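Numbering (the numbering used here), first residue to last: 853 to 977. Beta carbons are placed, not taken as given, at the ideal position from N, Cα and C, and that holds for glycine. Here the structure is a predicted model, which is why all the values come from computation and not from measurement. Comments concern the structure below.
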Amino acid sequence: MFEQVSHQFLSFGKQAAETMLKANGIAVEGLEKVIDVQLKTIEDRVNATTELFGLATEARDPEALKTLWPKSLSLAKDSGEKLYAANQEILGIVVKTNEALGELAKANFETANGAVKAKAPRAAK
Numbered sequence: 853m854f855e856q857v858s859h860q861f862l863s864f865g866k867q868a869a870e871t872m873l874k875a876n877g878i879a880v881e882g883l884e885k886v887i888d889v890q891l892k893t894i895e896d897r898v899n900a901t902t903e904l905f906g907l908a909t910e911a912r913d914p915e916a917l918k919t920l921w922p923k924s925l926s927l928a929k930d931s932g933e934k935l936y937a938a939n940q941e942i943l944g945i946v947v948k949t950n951e952a953l954g955e956l957a958k959a960n961f962e963t964a965n966g967a968v969k970a971k972a973p974r975a976a977k
């Protein structure tokens, strides 16, 4: 009797550890994708801002500064749009990651349910 219970606990522990390892892998993969999107967005915006500052340092008179005004507004608009797009992409990644974790949990519940159903008729005898 003890051996049977011990085997069941060990089996459950092994299954739980494997599931947690898979869940951790899915979560880390999602995190890597999110960080990649964020870094690409930041790099793009830093390059655009650096370019604008380069133009600003070359301006020597008020007329040259006046031409920078539309460019700076365009930079602000583009930055807002790109940040919004990046956030939408990140939201999509998070949703897909959560769906994958949900599928993993569902598969585990179905496996456990199948094991219980298979053993229930034998226990009833």
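Going by beta carbons, residue 935 and residue 904 fall outside the 7 Å limit. One Cα belongs to residue 907, the other to residue 915, and the distance between them is close to 13 Å.
Under a 10 Å Cβ-count criterion, residue 882 is classified as buried, with 16 or more other Cβ atoms of the shown protein chains found around its own Cβ.
Note on the stretch 900-930: there is no whole alpha helix (DSSP H) run with a minimum of 4 residues. Contact annotation: residue 868 and residue 953 have beta-carbon atoms that are not nearer than 7 Å. The beta carbon of residue 930 sits closer than 8 Å to those of 900, all from its chain and outside the five residues before and after it, given in chain order.
Contact check for residue 886 against residue 942 passes: the beta carbons are separated by less than 7 Å. Residues of the same chain with a CB within less than 7 Å of the CB of residue 911, apart from the 5 flanking positions on each side, are 917, 920 in chain order. The alpha-carbon separation between residue 966 and residue 932 amounts to approximately 51 Å.
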